[in-house]
Amino acid sequence: MKLFNTLTQSIDPFTPLKQGLATIYVCGVTPYDTTHLGHAFTYVSFDTLIRYLEAQGITVRYVQNVTDIDDDVLRKARELNMAWDELGRRETARFLGDMDALNVRRPDVYARATDAIPDVVEIVQDLVEKGLAYVSEGCVFYSVKQDPDFGTLGRAIGLNDYQSMLNVANERGNFPEDKRKHDPLDFVLWQAQAPGEPAWPSPWGPGRPGWHIECSAMSIRHLGQQIDIHGGGADLAFPHHACEIAQSEHYTSKKPFSQFWMHTGMVYQDGEKMSKSLGNLTLVSNLLKTYSPDVIRVTLQSHHYRQPWECTPEDLGKAQETIELFKQVRCLVGEESHGEDAQVRALFQQAMENDLDTPTAVSGLREAAQTVIANRDLNAGAEVIRQSRVLGLCI
Ligand SMILES: [Zn+2]
Numbered sequence: 001m002k003l004f005n006t007l008t009q010s011i012d013p014f015t016p017l018k019q020g021l022a023t024i025y026v027c028g029v030t031p032y033d034t035t036h037l038g039h040a041f042t043y044v045s046f047d048t049l050i051r052y053l054e055a056q057g058i059t060v061r062y063v064q065n066v067t068d069i070d071d072d073v074l075r076k077a078r079e080l081n082m083a084w085d086e087l088g089r090r091e092t093a094r095f096l097g098d099m100d101a102l103n104v105r106r107p108d109v110y111a112r113a114t115d116a117i118p119d120v121v122e123i124v125q126d127l128v129e130k131g132l133a134y135v136s137e138g139c140v141f142y143s144v145k146q147d148p149d150f151g152t153l154g155r156a157i158g159l160n161d162y163q164s165m166l167n168v169a170n171e172r173g174n175f176p177e178d179k180r181k182h183d184p185l186d187f188v189l190w191q192a193q194a195p196g197e198p199a200w201p202s203p204w205g206p207g208r209p210g211w212h213i214e215c216s217a218m219s220i221r222h223l224g225q226q227i228d229i230h231g232g233g234a235d236l237a238f239p240h241h242a243c244e245i246a247q248s249e250h251y252t253s254k255k256p257f258s259q260f261w262m263h264t265g266m267v268y269q270d271g272e273k274m275s276k277s278l279g280n281l282t283l284v285s286n287l288l289k290t291y292s293p294d295v296i297r298v299t300l301q302s303h304h305y306r307q308p309w310e311c312t313p314e315d316l317g318k319a320q321e322t323i324e325l326f327k328q329v330r331c332l333v334g335e336e337s338h339g340e341d342a343q344v345r346a347l348f349q350q351a352m353e354n355d356l357d358t359p360t361a362v363s364g365l366r367e368a369a370q371t372v373i374a375n376r377d378l379n380a381g382a383e384v385i386r387q388s389r390v391l392g393l394c395i
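Residue numbers (the UniProt record's numbering): 1 to 395.
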């Protein structure tokens, strides 16, 4: 299989580090609000990749995190006059419920940031000892200027100098201004306790982990020092993933932290990126009131995972037609077992092997379904249903 690697900016052959086993880490949600179509696009895309790898006989070990403590969770909990951990549990359950509804396979490990504190402390301590991080008023910051390798992933996506990296980090609100920092591009590894906030003990005083460090800690703990694929939305490539690479590679002294970096395109609505802060959201729970999970999955899979797109009623209508065709094929095929169809399978696999080209895979199955309905070729029909299962559909 070939996959686009953000780090190399090319479509490269994918071979797992250990034969027959792929280790995958995908950055998860911050549980303070409901799940929208942008989230669904990311997690259905990786779910489709995982199902395809498994169908090729590869065992997948899949980890996803949940950032159950951070500024957004604390702010929203204060607004709702709710305990932060209760809010986190409620929104995590809602997210998992939406993903279950979309037939997204649960990760093997669903790791909470608050469970990773000892690992975080160990990594931060090591980075301080190596002179890559410094303590300032109970906080610990990563010193970007001490690390000439910092930002490889940023440079790969065209952020070639200090200022362009800083601009993007500021735009995304990922490196907030803080007078305790020595340099604006430094990022927080350990955040000192603010009045009224929850805290955990550390060598630098009570506090909580910064956002970027939790993913290094959980990926290393659950998947080892080097993994096959690290993924997330395109807006995570910089600075979040660049920070993860810096922390992890200096802690373990092993490169690369992840062989492949995969990023999903942003989903737009009314010409703007769908985001909680803009409030222009299509909620998965709302879509599920009108459309079946299969229709929503096919809508998402009809867009290539790297392409930004805007969801339209036409998209959903076309997906609905596709599912109707698959259902007709299902009725024709019935419950008996049928033979294989090498051509239908080969076309499907060719598309999937080419950087997970699900739009081509879906349209290939759709055309095959139309032919099956016309000529009643039951082997080809059974193959359409078999491969639709690889896409995670429940026809
Ligand atoms: Zn992450």
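Just so you know, even glycine gets a beta-carbon here, dropped at the ideal spot from N, CA and C.
Host beta strand (DSSP E) of residue i (start-end)
i, result
"Cys139", "139-142"
"Gln269", "267-269"
"Ala351", "Premise fails: Ala351 lies in the alpha helix (DSSP H), 342-353, not in any beta strand (DSSP E)."
"Pro209", "207-209"
Segment limits, alpha helix (DSSP H) that includes residue i
i, result
"Gln381", "It is worth fixing the name first, because residue 381 is Gly in this sequence and not Gln. First-last of the alpha helix (DSSP H) with Gly381: 378-390."
"Ala194", "It is not in any alpha helix (DSSP H) - Ala194 carries neither H nor E in the DSSP assignment."
"Gln64", "Counting along the chain, Gln64 falls outside any alpha helix (DSSP H), though it belongs to the beta strand (DSSP E) covering 59-66."
"Gly364", "358-375"
"Arg94", "84-101"
"Val73", "71-80"
Bridge partners - residue i, DSSP secondary structure assignment
i, result
"His230", "Tyr25, Trp261"
"Ile11", "Phe4"
"Leu283", "His36"
"Ala133", "Tyr142"
"Glu272", "Gln269"
"Glu310", "Tyr268"
"Tyr110", "Gln64"
"Lys254", "Bridge partners of Lys254: none, in fact."
"Lys18", "Leu21"
Residue i - DSSP class collapsed to helix/strand/coil
i, result
"Phe46", "helix"
"His36", "strand"
"Phe41", "helix"
"Phe150", "coil"
"Lys179", "coil"
"Lys327", "helix"
"Pro118", "helix"
"Leu159", "coil"
"Trp190", "strand"
"His303", "coil"
"Cys243", "helix"
"Gly339", "coil"
"Gly173", "coil"
"Pro201", "coil"
"Val292", "Residue identity differs from the one stated: residue 292 is Ser in this sequence, not Val. Three-state DSSP puts Ser292 in coil, outside helix and strand."
"Gln125", "helix"
"Cys394", "coil"
"Gly317", "helix"
"Leu278", "coil"
"Leu223", "helix"
"Thr30", "coil"
"Leu53", "helix"
Local Cβ density within 10 Å of residue i, reported as buried at 16 or more and exposed below that
i, result
"residue 433", "Nothing can be reported for residue 433, as the shown portion of the chain is limited to 1 through 395."
"Pro209", "buried"
"Thr312", "exposed"
"Asp270", "exposed"
"Leu223", "buried"
"Lys76", "buried"
"Gln9", "exposed"
"Thr42", "buried"
"Ile18", "The sequence given here places Lys at residue 18; Ile does not occur at that position. That one is exposed."
"Ser302", "buried"
"Glu91", "buried"
"Val337", "Residue 337 is actually Ser in this sequence, not Val. Exposed, because fewer than 16 other Cβ atoms sit within 10 Å of the Cβ of Ser337."
"Cys139", "buried"
"Pro201", "exposed"
"Thr59", "exposed"
"Thr67", "buried"
"residue 403", "Outside the displayed range of the chain (1 to 395) lies residue 403, so it cannot be described from this structure."
Near ligand 2: residue i beta-carbon under 7 angstroms from a heavy atom
i, result
"Phe260", "Ligand 2 is absent from the structure shown, which contains only ligand 1."
Query raised in the report: Can you list, in chain order, every residue whose CB sits closer than 5 angstroms to a heavy atom of ligand 1?
Result: Cys27, Cys215
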